[in-house]
Amino acid sequence: MLVCLFEDVNKEKNEESYMLSLLNLVEHVIKMIPDASDQLCLNGIAKAMQMIYYDTEATLSFELYKDCSIFIFNLLSSVHSESLTDSDAWTTVTTKLTDKLICRGSEGSFNQEEHNSQCLFQWTYLI
1 MLVCLFEDVN
11 KEKNEESYML
21 SLLNLVEHVI
31 KMIPDASDQL
41 CLNGIAKAMQ
51 MIYYDTEATL
61 SFELYKDCSI
71 FIFNLLSSVH
81 SESLTDSDAW
91 TTVTTKLTDK
101 LICRGSEGSF
111 NQEEHNSQCL
121 FQWTYLI
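Residues 1 to 127 in my numbering are what the sequence shown lists, from first letter to last.
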């Protein structure tokens, strides 16, 4: 049911607050019932996350992107590997997530120390 809600909220292009509320709800469910992450994965949460990252990329706010990223990290850290059945969707989601998290400082505009501090600042800001 929660996976269907993610897909419906994304398809209907509802207000961002609906998606943020849904992410927070599912996050709380996973904290209370860690096995819920397995059920979410077995029921297609990867495809729902893929839709969010790819269908709404142009309109994805920083707050929603940050919350989705944290949600994915928490989900993947609590799920059993056997439950990750949708490998193609997870590959695209984690690739997009990794691509966004890679620090892309302008080449030559920072020395190594400044570049590392900028990356660290961006990473801690995300978390």
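Yeah, the Cβ is synthetic: ideal placement off N, Cα and C, and Gly gets one too.
Pick from the options: whose alpha carbon is nearest that of residue i?
i	options	result
residue 5	31, 38, 43, 97	43
residue 51	26, 1, 11	11
residue 45	31, 84, 54	84
residue 67	90, 28, 1	28
residue 41	80, 22, 54, 25	80
residue 23	100, 39, 2, 91	2
residue 38	91, 99, 100, 86	86
Consult DSSP for residue i and reduce its assignment to one of helix, strand or coil.
i	result
residue 51	helix
residue 63	helix
residue 82	helix
residue 128	Look at the range of the chain in this structure, 1 to 127, and you will see that residue 128 is not part of it.
residue 74	helix
residue 88	helix
residue 110	Reliability fails at residue 110, whose pLDDT of 49 lies under 50, so the model's placement of it is uncertain and no value is given.
Starting from residue i, trace the alpha helix (DSSP H) in both directions and tell me its first and last residue.
i	result
residue 152	Absent from the structure is residue 152, since the part of the chain shown begins at 1 and ends at 127.
residue 35	First-last for residue 35: undefined, no H or E at that position.
Looking only at its own chain, which residues have a Cβ that is under 7 Å from the Cβ of residue i, when we skip the five neighbours before and after it?
i	result
residue 72	49, 93, 97
residue 106	Residue confidence is low: residue 106 scores 43 on pLDDT, short of 50, so the model does not pin down where it sits. Its coordinate-derived value is still stated next. Excluding sequence neighbours, residue 106 sits near nothing in its chain.
residue 64	16, 19, 20
residue 36	29, 30
residue 104	With a pLDDT of 46 at residue 104, under the threshold of 50, the modelled position of this residue cannot be trusted; read the value that follows with caution. Closer than 7 Å at Cβ, skipping near neighbours: no residue.
Would residue i pass as an interface residue toward chain C - the criterion being a Cβ-Cβ separation below 8 Å?
i	result
residue 33	In the structure shown, chain C does not exist; there is a single protein chain.
Going by beta carbon distance, what residues of the same chain come within less than 8 Å of residue i, once the five residues before and after it are set aside?
i	result
residue 61	16
Between residue i and residue j, which are expected to be in contact by the criterion C-beta below 8 Å, what is the C-beta distance as a whole number of angstroms?
i	j	result
residue 69	residue 34	Going by Cβ atoms, the distance from residue 69 to residue 34 rounds to 20 Å, so no, they are not a contact pair.
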